[in-house]
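Residue numbers (my numbering), protein chains in the order written: chain A, 680 to 1206; chain B, 839 to 1222.
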């Protein structure tokens, strides 16, 4: 039994946690929900030893014994395994090396490489079943797609003989198929007596998996409910106010404007195998004031399409692209930006932000040419614009000088979007716009996207979050293995319809076991 | 619908670089072996022995430098450390009359202390390695001058001279034979244990290729040193290099080095003791610096505290980078560094035979360095 007693944590100027007391029984799955900044991550970092003993108030007890972790190493030894939301793999080490990292088998002090590889293989087989064969144990982990990397991390935590396993947003990058497998694993381990703390913004997952749910708000535990509690209740507890249903369909929009983005015959070659394609002969149009969503299983070519449109595809791209009726060449982000295209990338921290720089500097980043004359940046103007932008977007920060790295995921995402709004892009591309973002911030980002379309921007979204697609899209293009499997107009869009097209189940029952782990997906997400 | 078959696992960029460097080295040797100006002198037993002896000190240091760079560090104090440890050994011999093994042990002790000092500042206090070792670059040189009263110390006692001598022919054959046996033994044992664990078997061709490579290397060494015996510095450097390969490839410590260099946060969250590993790596480089210090003191039979080892650290970084190790950390190999060192040494040796003056040699070395890094950058570009 794991007990957190009277936990408090103070950051300079902020009370991150206040008197949180929580107990988890063996064999229990405890959901932990709350908006970003509610204190979930801080609590987990205390349990996981990231914040060492002495830096917080209260105590952590395991089976009644008081623990004083000084590092995550200590916590692991005591039986606490944490799968952090940020990917924690070493990109240049192989899949096998990553899986055994920190517990490499040795013989007489010498690394037993063969046994290590066998361990890794068995682990992967336990997590992935037959699909494990498709993963090359010797490939560098950095070559895998985000979803697979996440699965590797979960496999690592499951390998520990842990008393409690903390999963922080584990499904953000997973496909439905992968999520099912994860849930089956969690249930199996739960039956064997392992306790889980499951953090997720997807309340339907909480309902499906958790015995109890702890709700946090502003650093305090506001209540514990049964896992079957109604989502509306939980949301109300998290936000402290009654929210309208986040996933409610928006009211019918205004008439469509002119075509902003016209794509004809877009084909993107496979980065590793030039004879194959990750996107094939894709044609579509996005109009001003319209939100078009790209849906499909992982590896279906969503991210590759956006990459090609922003000029960052690493392999050969062919096809014709027009922006506002003008044919454009998109060979680099600079050309794409000049044409009026902006991209909010999937990997917010790696590709969207300069983490060590301030909020103001990040907001100014893509409009420095407008903010400077003769090469000198007008700092006052930059700050003024950052200030008004951060107010417009409700970015919650201690100050504009705060490092972006210290912000919550939702606020970071608003900074990335805000950075592009400075340029008034004609076409805004959003890749997984609300990945790892809490319910409240999600609603704000949705409103923001709607406000943008109302002002005549064209928006193209790639998302694996089906409720999000249903909520936002005027039109859904469903991709399967790089090809357009079908297009759904607003009145046809349902999660079921998208899934059926994405998996091809309408015509072929056997295709239910979709190749989510095919080697395309391994390489696609690198782009 | 079936899953796609595995892609053939491609060599990692650092391995690919090692192959490129091996090809570059082979090409250089081939050219020097046929050019009219060098044909008669380059590919002789004596010249190859000289080339290897001259690169021994650099290689010893470069092996340690590779490890430091892999964990995203750097050590600018190596040249000064070579002077300081050399002065310690020389003082022990000349002023105190201590026998060579004691003098060497004292130098190594000082080297280990230097490494621990760096490891403490970098690992525990979090000061950037560049700054910590830049301070050492100044301070250790000063220490060497203070201890020696800024005077040259020479000659060393007679018993120190063995470090600059040859071992006997029979010892050479035995050493090469043992190394070869261990290499082949490990290769075969790995293959056999893979079967025991029902892992995908390595292709027979690959195993045969590896063994053939080892035999070829051993044959080359014996062709050069088999009759006259291998010089002690070359033997030491070879032992250090083989040990380095072993540590990086076959120990947990080595695995953790690459993890720290690849992603320090993830390494820490995986339960790796980043501080201790950092400390260990700097101590290794400190000890290797001391070994280089005594080898150099033996070769020149004394120590000139003001100039001994000057710029050795930058030569070592050059050799490491030519060998394909990324200055961004997380990627690189000792084999690459050995090849880089040999390319570096061959360049100097070949240009001497071609009577290109040393000023032009500097320019050529600079260009080679840029080319090597370009290969690294291009291969990375292809990867992502």
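For each residue, glycine too, the CB sits at the ideal point set by N, CA and C.
Candidates the options: closest to residue i by CA position
i	options	result
residue 882(B)	1058(B), 1025(B), 1080(B), 1093(B)	1058(B)
residue 990(A)	896(A), 970(A), 1012(A)	1012(A)
residue 816(A)	775(A), 853(A), 1128(A), 829(A)	775(A)
residue 995(A)	1068(A), 958(A), 915(A)	958(A)
residue 1159(B)	912(B), 869(B), 888(B), 866(B)	912(B)
residue 750(A)	734(A), 743(A), 741(A), 744(A)	734(A)
residue 1111(B)	1128(A), 1102(A), 782(A), 1136(A)	782(A)
residue 1128(B)	869(B), 915(B), 1104(B)	915(B)
residue 1031(A)	1114(A), 1005(A), 961(A)	1114(A)
residue 743(A)	683(A), 904(A), 870(A), 1171(A)	683(A)
residue 1171(B)	1161(B), 1186(B), 1180(B)	1161(B)
residue 1045(B)	1032(B), 1156(B), 908(B)	1032(B)
residue 1048(A)	1070(A), 1067(A), 1016(A)	1016(A)
residue 869(A)	1046(A), 1127(A), 707(A), 1129(A)	707(A)
residue 797(A)	1194(B), 1124(B), 1035(B)	1035(B)
Residue i, DSSP secondary structure in three states
i	result
residue 976(A)	coil
residue 1005(A)	strand
residue 1171(B)	coil
residue 810(A)	helix
residue 859(A)	helix
residue 1196(A)	Low confidence applies to residue 1196(A): its pLDDT is 36, below 50, so where it sits in the model is not reliable, and the reading given next is rough at best. Residue 1196(A) falls in the coil class under three-state DSSP.
residue 931(A)	Bear in mind that the predicted position of residue 931(A) carries a pLDDT of just 48, short of 50, making it unreliable; the figure below should be weighed with that in mind. Three-state DSSP puts residue 931(A) in coil, outside helix and strand.
residue 689(A)	strand
residue 1123(B)	helix
residue 1191(B)	helix
residue 994(B)	coil
residue 963(A)	strand
residue 875(A)	strand
residue 789(A)	strand
residue 859(B)	helix
residue 1049(B)	helix
residue 1004(B)	strand
residue 907(A)	coil
residue 675(A)	Since the displayed chain A opens at 680 and closes at 1206, residue 675(A) lies outside it and no answer follows.
residue 944(A)	strand
residue 1083(A)	helix
residue 939(A)	strand
residue 1184(B)	helix
residue 703(A)	strand
residue 1051(A)	strand
For residue j and residue i, believed in contact at Cβ under 8 Å, the rounded distance
i	j	result
residue 930(B)	residue 936(B)	4 Å
residue 681(A)	residue 702(A)	7 Å
residue 762(A)	residue 847(A)	6 Å
residue 1106(A)	residue 1000(A)	Not really, about 10 Å apart at Cβ, beyond 8 Å.
residue 1183(B)	residue 889(B)	5 Å
residue 833(A)	residue 861(A)	6 Å
residue 711(A)	residue 893(A)	5 Å
heavy atom of the ligand FMN below 7 Å from residue i C-beta
i	result
residue 738(A)	Absence of the ligand FMN from the depicted structure is noted, as is the absence of any ligand whatsoever, leaving it without description.
Contact with chain C by residue i, beta-carbon distance below 8 Å
i	result
residue 847(A)	Within the model displayed, chain C is absent; protein chains A and B are what it includes.
Checklist entry - Hey, is the segment 1136-1147 of chain A in contact with the segment 972-980 of chain A, meaning 3+ C-beta pairs nearer than 8 Å? => result The segment 1136-1147 of chain A is in contact with the segment 972-980 of chain A.
Next on the checklist: Tell me whether the segment 1158-1169 of chain B and the segment 1091-1099 of chain B touch, counting them as touching only if at least three CB pairs, one residue from each stretch, are closer than 8 Å.
Outcome noted: yes
Next on the checklist: Across the segment 1003-1017 of chain B and the segment 951-959 of chain B, are there enough close Cβ pairs to call them in contact, namely three or more that are closer than 8 Å?
Outcome noted: Flag = no, the segment 1003-1017 of chain B and the segment 951-959 of chain B do not touch.
Checklist entry - Counting Cβ pairs closer than 8 Å, one from the segment 1084-1094 of chain B and one from the segment 723-734 of chain A, do we hit at least three? => result no
Item to check | 3 or more residues per run - each beta strand (DSSP E) lying fully within the segment 718-786 of chain A | outcome: 736-741, 744-746, 759-762
Checklist entry - Hey, is the segment 1174-1182 of chain A in contact with the segment 1146-1160 of chain A, meaning 3+ C-beta pairs nearer than 8 Å? => result In this structure the segment 1174-1182 of chain A touches the segment 1146-1160 of chain A; the number of beta carbon pairs closer than 8 Å is three or more.
Checklist entry - Which parts of the segment 981-1043 of chain A are runs of the beta strand (DSSP E), unbroken and 3 residues or longer, counting only runs that do not cross its ends? => result 996-1002, 1005-1007, 1020-1023
Item to check | 4-residue-minimum alpha helix (DSSP H) runs that sit fully inside the segment 1052-1138 of chain B, ordered along the chain | outcome: Taken in chain order, the complete alpha helix (DSSP H) segments of 4 or more residues contained in the segment 1052-1138 of chain B are 1070-1088, 1090-1100, 1102-1107, 1112-1137.
Checklist entry - Can you give, in chain order, each stretch of the alpha helix (DSSP H) that sits fully within the segment 881-960 of chain B and has at least 4 residues? => result 883-908, 916-932, 938-957
Checklist entry - Does the segment 1037-1052 of chain A come close enough to the segment 1094-1111 of chain A that 3 or more CB-CB pairs lie under 8 Å? => result yes
Item to check | Secondary structure, alpha helix (DSSP H): runs of 4+ residues fully inside the segment 1158-1185 of chain A | outcome: The segment 1158-1185 of chain A is shown to contain whole alpha helix (DSSP H) runs of 4 or more residues at 1174-1182, in chain order.
Next on the checklist: With three or more C-beta pairs closer than 8 Å as the rule, is the segment 1069-1077 of chain A touching the segment 906-918 of chain A?
Outcome noted: Contact fails: fewer than three Cβ-Cβ distances are below 8 Å.
Checklist entry - Are there three or more Cβ pairs, one per stretch, closer than 8 Å when the segment 1146-1156 of chain B is compared with the segment 940-952 of chain B? => result no
Item to check | Cβ pair count under 8 Å reaching 3, the segment 872-886 of chain B against the segment 1184-1199 of chain B | outcome: yes
Checklist entry - Just checking, does the segment 958-975 of chain B make contact with the segment 1023-1031 of chain B on the three C-beta pairs under 8 Å criterion? => result Verdict: no, contact absent.
Item to check | 4 or more residues per run - each alpha helix (DSSP H) lying fully within the segment 1098-1159 of chain A | outcome: Taking only runs of at least 4 residues, the alpha helix (DSSP H) segments lying wholly in the segment 1098-1159 of chain A are 1118-1133, 1145-1151.
Item to check | Contained alpha helix (DSSP H) runs [length at least 4] in the segment 1003-1047 of chain B, N- to C-terminal order | outcome: 1007-1034
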